[in-house]
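Chemist:
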Amino acid sequence: MWNWSMLKKEPHRPHRCRKCRRADGKQYPKSVNEPDTRFVSGSLFTNRSRIKSVFRFTNEMAGMKNWPKWSFAVSLIGLLIAQVSCAPDPGEALNDRKRRENEEEINAYLAQKNLQAAKDDVTGLYIAKTKAVPTGQAPVAGDEVRFYFVQTRLDGVIVDSSETFAKKPSTVTIGAPSQGTITARLYNGLQLLKEGEEAIVLAPYDPTDNKSGNLLLPAYTPVRYDITVVSVRTEEEQIQDYLVAKGLTAAEKTASGLRFLLTKAYPDSALVKVGQSVKIKYKGTLLNGNQFDANADGADFNIGTGAVIAAWDEALVKMREGEKATIVLPSTIGYGQLGKAPIPPYASLAFDIEVVSAK
């Protein structure tokens, strides 16, 4: 029976120079502890150098006694194939290689968990719905989505969840993902679900997410999201819910979607006219109650010149000097799909306004 003790070992000689050789032409290692690097795989060794190392090692081993040459050749051929086939394609970009490896991990995970998932070709996400609601409302740009989620690595380690800091659903507006604490992968997954649905979403790494990584979630790590979509509300539905909550259901609705409710009337004063210079006191809030602007001293501008948002031009010509009103408006007559910091995109707004003077 052959064992490693049969290997012929050369006696160690102190190293004298880099070209120190024996009469038979063999070179001695620099140190007895220096490893044989002929089979070390890595970027410093090309496929050609691996092949040369395999054949050189084969010739040495095949010359030993008590070793069947044919079995040794078979073993070395297998080693050669493994060395060459496992080497990364030198022409493959790092991001492409990592994404391919992520896909392989996800497919293995699906098989292990016996999950049936559909791959979305646009986002690359794998969706396995655990509760489907075909008639549910699908989110579109401007819609508010409220949802619960748990994010885990494929080994089961929890990375994040909607209950980490608050015992309530997370919220995001489609078209304005940067306004919430939400990753690109989670945001893309939400757009593939409908109101009331629950799903497992498996996501390969996204170059816009966690580029540097961290100890809990290293870079290029595929993740799993368990998502429950609680509600999907359009801007109009958000406004209606706000009016009910604030007791403003008596507000007049105009063709543009503006809600106008006069809260203090001066019927004997003259109506504000287009072209007049007015002084306005106001307070502006998002529908969640967050105040984004206010002016208690009064701001001056001309009506109908584009100096203010369209909703103000429309509301102020309904008012008289000294009157107060509350207006609620959709983003189409506010700051639109782009927003204006600190006002997010697609934001419906509420204003309390007072006409101090008009001239």
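Taken in order, the sequence shown gives residues 13 to 371; the numbers are from this note's numbering. Even for Gly, the Cβ is constructed at its ideal location relative to N, Cα and C.
I'd like to know if the segment 244-253 and the segment 224-234 are in contact, where contact means that at least 3 CB-CB pairs between them fall below 8 Å.
Modeler: Output reads no: the segment 224-234 does not touch the segment 244-253.
Chemist: I'd like the span of the alpha helix (DSSP H) that includes asparagine 307, first residue to last.
Modeler: In the sequence shown, counting from the first residue as 1, residue 307 sits at position 295. No alpha helix (DSSP H) holds asparagine 307; the beta strand (DSSP E) holding it covers 303-314.
Chemist: Nearest-angstrom Cα distance between lysine 141 and aspartate 132?
Modeler: Numbered from its first residue, the sequence shown carries residue 141 at position 129. Numbered from its first residue, the sequence shown carries residue 132 at position 120. Approximately 13 Å, taken between the alpha carbons.
Chemist: Measuring only the C-alpha atoms, how far is tyrosine 199 from glutamate 209?
Modeler: The sequence position of residue 199 within the sequence shown is 187, counting from 1. The sequence position of residue 209 within the sequence shown is 197, counting from 1. For tyrosine 199 and glutamate 209, the distance between alpha carbons rounds to 15 Å.
Chemist: What do you reckon, are the CB atoms on alanine 282 and tyrosine 294 nearer than 8 Å?
Modeler: Within the sequence shown, the letter at position 270 stands for residue 282. Within the sequence shown, the letter at position 282 stands for residue 294. Not a contact, by the Cβ cut-off of 8 Å.
Chemist: Would you decide whether threonine 261 is buried or exposed? Buried here means 16 or more other CB atoms lie within 10 Å of its CB.
Modeler: For the purposes of this step, residue 261 is identified with residue 249 of the sequence shown, where counting begins at 1. That one is exposed.
Chemist: Assuming contact is defined by CB atoms lying nearer than 8 Å, are tyrosine 347 and alanine 359 in contact in what I supplied?
Modeler: Along the sequence shown, one-based indexing puts residue 347 at 335. Along the sequence shown, one-based indexing puts residue 359 at 347. For tyrosine 347 and alanine 359, yes; Cβs fall inside 8 Å.
Chemist: Is glutamate 175 buried or exposed, if buried means 16 or more other CB atoms sit within 10 Å of its CB?
Modeler: Stepping through the sequence shown from its first residue, residue 175 is reached at position 163. By the 10 Å Cβ count, glutamate 175 comes out exposed.
Chemist: In this structure, what does DSSP give as the bridge partners for isoleucine 194?
Modeler: In the sequence shown, residue 194 corresponds to position 182, counting from 1. None, per the DSSP bridge assignment.
Chemist: Whose C-beta lies closer than 7 Å to the C-beta of lysine 110 among residues of the same chain, with five residues either side of it excluded?
Modeler: Position 98 of the sequence shown, counting from 1, holds the residue named residue 110. Excluding positions up to five away in sequence, the list reads Tyr217 and Tyr232.
Chemist: Under 8 Å Cβ to Cβ from isoleucine 345, same chain only, skipping five residues before and after it: list those, please.
Modeler: If you number the sequence shown from 1, residue 345 lands on position 333. Excluding sequence neighbours, isoleucine 345 sits near Ser268, Gly269, Leu270, Ile321, Ala322, Ala323 and Glu326.
Chemist: Whole angstroms is fine: what's the gap from isoleucine 212's alpha carbon to alanine 105's?
Modeler: As a first step, residue 212 is located in the sequence shown; it is residue number 200 there, counting from the start. As a first step, residue 105 is located in the sequence shown; it is residue number 93 there, counting from the start. Approximately 29 Å, taken between the alpha carbons.
Chemist: To the nearest angstrom, how far is it from the Cα of tyrosine 254 to the Cα of threonine 135?
Modeler: Looking up residue 254 in the sequence shown gives position 242. Looking up residue 135 in the sequence shown gives position 123. Computed Cα separation, rounded: 34 Å.
Chemist: So what does DSSP say about aspartate 325, is it helix, strand or coil?
Modeler: Against the sequence shown, residue 325 aligns to sequence position 313. Three-state DSSP puts aspartate 325 in a helix.
Chemist: Report the three-state DSSP secondary structure of glutamate 366 (helix, strand or coil).
Modeler: Start at 1 with the first residue of the sequence shown, and residue 366 comes out as number 354. Glutamate 366 falls in the strand class under three-state DSSP.
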